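Heads up: the sequence lines are chains A and B, in that order.
Taking my numbering, the leading residue of the first sequence gets 1, the next gets one more, and so forth.
Taking my numbering, the leading residue of the second sequence gets 1001, the next gets one more, and so forth.
Backbone N, C-alpha and C define an ideal beta-carbon position, used for all residues, glycine too.
Bear in mind that the values here come from a model prediction, so they are computed numbers and not experimental data.
Here the structure is laid out as structure tokens; the discussion comes afterwards.
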Amino acid sequence: MAAPSNNPPLLEVKNLRVEFPTRRGTLLAVDDVSFDIAPGEVLGVVGESGAGKSLTGNAIIGLLEPPGRIAGGEVRLEGRRIDDLPYEEMRKVRGAKIGAIFQDPLTSLNPLYSVGRQLVETIQTHLPLSAGQARTRALDLLKEVGIPAAESRIDHYPHQFSGGMRQRVVIALALCADPRLIVADEPTTALDVSIQAQIIALLKRLCREHKTAVMLVTHDMGVIAETADRVAVMYAGRIVEIGPVRDVVKHAKHPYTKGLMGSIPSLGIRHDRLTQIDGAMPRLTEIPPGCAFNPRCTERGRRCLGERPDLMAAGATRAACWLHERGGVGTAVTKELADA
Amino acid sequence: MPDGGSQFVRLAGLKRYFDVSAPWLVRVIEGRPRQIVQAVDGVDIEIAKGETFSLVGESGCGKSTVARLVVGLYPPTDGSIAFDGNDMTARRSQAEMAALRRRMQMIFQDPYASLNPRWRVFDIVAEPIRAFGLAKGKTDLEARVGELLRQVRLTPADGAKYPHEFSGGQRQRISIARALASEPEFLVCDEPTSALDVSVQAQILNLMVDLQRRLKLTYLFISHNLAVVYHISTRVGVMYLGRLVEVAPTETLFRRPKHPYTRMLLDTIPDLDMSGRQRAPVAGEVPSPIDPPSGCTFHPRCPFATDRCKAERPRPIAVDGGTVACHAIEEGRLAVEERSYAAAT
């Protein structure tokens, strides 16, 4: 279930809403999302494109692109509210307390500065170190993330590194000030499979050693299965299921999660056909009333058309589906309604 | 051409080099040498009628270049391509060439870039029919396009819309409908699902399997996603730096991988079953194809490399129903290991 209650969560997100004002009205891209991350825990956030997973990550680190804005709810880091901090205050939190890793390592590094200079600048922004000490720390970080010949590579520019090496530099940057939480947004998507495995192994090792919590945003269920402790599945701006990764992968409770798992081709067994979820995720302008998944759901009942389910206990996980109301009693109710 | 009768598509010694040198004047002034990328460096593939042959490999291994060579988007530097017994590199009249070209079509990776945004879907799908003169009159054309759209689970009314009105998965259906318009027998699919979300990917893969059965299509399927390849292929070829390192029937390749690179690739597949299988991330990255390593191009990353591997390029040898290009396998230094995958319940 949720994080152990005896030690307070590192990150608390409560009823977070992110909206985009447009000419044709306000779009709700993240709708009432709540979750916790315990210290040292890896929370995976999966979903298909447009599900709102990256926006949730960006809202937490305070990097929403205007006109996107937080419209409600709160984000607390170590008990302190951070979603309403002024820009300068947030800058101090970002980097020092929360590190960020983005998808494309080429765009998250400055092409005009050597990687050493970027590391030293970040370290000196957050830690009271002299230039020499900062450079030593930068060198240590580069060695730690597995850059060969770090002594000479530190003065190279991003274009002189390969994709995998660049992502290692980005990870070193995120770790500069020993943050408590890293928000990693599709950290391996731009990389080849063999490099992807290296980066995942690296991220896992570093977070264990530094006891850093990670919010891992990705569309790749395989990456989550290997890395995360818990996983949140997002659909159309809401969390539809959250729970320990093993239970969500093996015994998914929400019909969307079940379909999603079935649609991933797996090794070992060759099915004639993959499970498929017909249709596509609705656009933000066309989210249906009731449960947003209802037009694609095979177990839809009448209640699903009108009333939106919140997360409720469903076995070892929590799912936003009327089937699990009152611990599964809901099944019969909705079926009955569907027949009526 | 002496062609083995049963082979539908045959690539022999196929090579494609790209000149990526600096301009002539820069080369002369700065004394820089010519730079040649050996994108495809001697590939032999035979594809039987009705099968799905997949090419896998990491970016830059030349798999997309092979796809483009096969459909004639690039002329080969060397080697031959035979399609149903016809040498595609031979000189022919335009009419003869068109008759052959009609029988093969391509599906591209990015459905956002491969459809003309200014054309209506009807015209996009009708273009091959018009180009090859396959319809008799307007009503016949409309009937054919309607049928094609229905075949990919769209409606004939969708023909009046523009590509931007469709989602990624629907656009890929449109490009499949267009590819099927000329009634081809052979489809080259270059990463057709890589740009799509998993649930949509499942829809497209299911559709491709259905169409293959119904229309007796032969596929050349290019992908970097091994799980997808496992699901869809009859046989698989693994490419590394422009060369085929291993070709085998799908089940054999995944159960008893021979080449060290194939083994490494299989190790990188994230484990959804969480059986606790240890992934061994292999050090190193793919070297530049401009200056590939000598001998076996995989030797700098290979844990079993010897001096012979550094000097001599391995020849493909027949093993266990497939072919492998590896000295360690040929010399019997490297035992074949059985792999099992936790069968999900």
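Practice prompt. Determine the contact status of I171/A and L142/A, defining contact as a CB-CB distance below 8 Å.
Written response: no
Item to complete: Consider the Cβ of S1223/B: report whether some Cβ of chain A lies at a distance smaller than 8 Å.
Response: no
Discussion item. Using a Cβ-Cβ cutoff of 7 Å, what residues of the stretch 145 to 173 of chain A are near chain B? List them in chain order.
Written reply: S162, G164
Worksheet item: Does the distance from the CB of S1182/B to the CB of I1129/B come in under 8 Å?
Response: yes
Worksheet item: Beta-carbon of I1047/B versus every beta-carbon of chain A: anything under 8 Å?
Response: no
Worksheet item: What residues from chain B crowd round R270/A, counting only those whose CB sits closer than 9 Å?
Response: Y1230, H1231, T1250, E1251
Worksheet entry | Which residues DSSP lists as bridging Y1017/B, in chain order | Q1038/B
Item to complete: Express the C-alpha separation of V1336/B and P187/A in angstroms, rounding to a whole number.
Response: 34 Å
Worksheet item: In terms of alpha-carbon separation, which member of G72/A, G99/A, L85/A, C176/A lies closest to R117/A?
Response: C176/A
Fill in: Contact list for the stretch 1202 to 1214 of chain B against chain A, Cβ threshold 8 Å
A1202, Q1203, L1205, N1206, V1209
Worksheet item: Would the beta-carbon of L1265/B fall within 8 Å of that of S194/A?
Response: yes
Worksheet item: Counting only beta-carbon atoms, is M1264/B nearer than 8 Å to chain A?
Response: yes
Worksheet item: Within the chosen definition, does the stretch 263 to 270 of chain A reach the stretch 1197 to 1206 of chain B through at least 3 CB pairs nearer than 8 Å?
Response: yes
Worksheet item: When we look at the beta-carbon of K1138/B and count the other beta-carbons within 10 Å, is it buried (16 or more) or exposed?
Response: exposed
Discussion item. To test your reading of the DSSP string, which unbroken beta strand (DSSP E) runs of 3 or more residues are found completely within the stretch 1211 to 1247 of chain B?
Written reply: 1218 to 1223, 1235 to 1240
Worksheet item: D1190/B and M1097/B look like a contact to me (Cβ under 8 Å); what is the Cβ gap, rounded to whole Å?
Response: That belief does not hold up - the Cβ atoms of D1190/B and M1097/B are roughly 22 Å apart, past 8 Å.
Worksheet item: Is the beta carbon of P39/A sitting closer than 8 Å to the one on K258/A?
Response: no
Discussion item. Spatial neighbours of T1089/B within its chain, please: C-beta separation below 7 Å, excluding the five flanking residues on both sides.
Written reply: P1076, S1080, I1081
Worksheet item: Beta-carbon separation of V120/A and A134/A under 8 Å?
Response: yes
Worksheet item: How many Å lie between L1207/B and E241/A at the Cα?
Response: 29 Å
Item to complete: Check whether the Cβ atoms of L1149/B and L1187/B sit closer than 8 Å, and answer yes or no.
Response: no
Practice prompt. Give every residue of the same chain whose Cβ lies closer than 6 Å to the Cβ of F1298/B, excluding the five residues on either side of it in the sequence, and list them in chain order.
Written response: Y1240, Y1261
Worksheet item: For the 8 Å Cβ check, are there 3 or more pairs between the stretch 1033 to 1045 of chain B and the stretch 1011 to 1019 of chain B?
Response: yes
Item to complete: Have a look at C291/A, R205/A, R137/A and flag the residue whose alpha-carbon is nearest the alpha-carbon of L311/A.
Response: C291/A
Practice prompt. Could you confirm whether any beta carbon from chain B is found closer than 8 Å to the beta carbon of E226/A?
Written response: yes
Worksheet item: Does the Cβ-Cβ distance between V1070/B and L1220/B come in under 8 Å?
Response: yes
Item to complete: Output the distance between the C-alpha atoms of A1195/B and V183/A, rounded to the nearest integer angstrom.
Response: 24 Å
Discussion item. Three or more C-beta pairs under 8 Å: does that hold for the stretch 70 to 88 of chain A against the stretch 12 to 19 of chain A?
Written reply: yes
Worksheet item: According to the Cβ coordinates, are P1314/B and C1302/B closer than 8 Å?
Response: no
Worksheet entry | Members of the stretch 1014 to 1029 of chain B near chain A, C-beta cut-off 7 Å | none
Item to complete: Enumerate in chain order the residues of its own chain whose CB-to-CB distance from I1222/B is below 7 Å, with the five nearest sequence positions on each side excluded.
Response: L1055, K1063, S1064, A1067, C1189, D1190, E1191
Discussion item. Under 8 Å, Cβ to Cβ, is there at least one residue of chain B near V193/A?
Written reply: yes
Worksheet item: Candidates A1160/B, S1167/B, V1152/B: which alpha carbon is nearest R1178/B's?
Response: V1152/B
Fill in: Y235/A (DSSP reduced to helix, strand or coil)
strand
Item to complete: Please work out which residues of its chain come closer than 6 Å, Cβ to Cβ, to D1078/B, disregarding the five sequence neighbours upstream and downstream, and give them in chain order.
Response: K1015
Worksheet item: Per DSSP, what kind of secondary structure is A1012/B in: helix, strand or coil?
Response: strand
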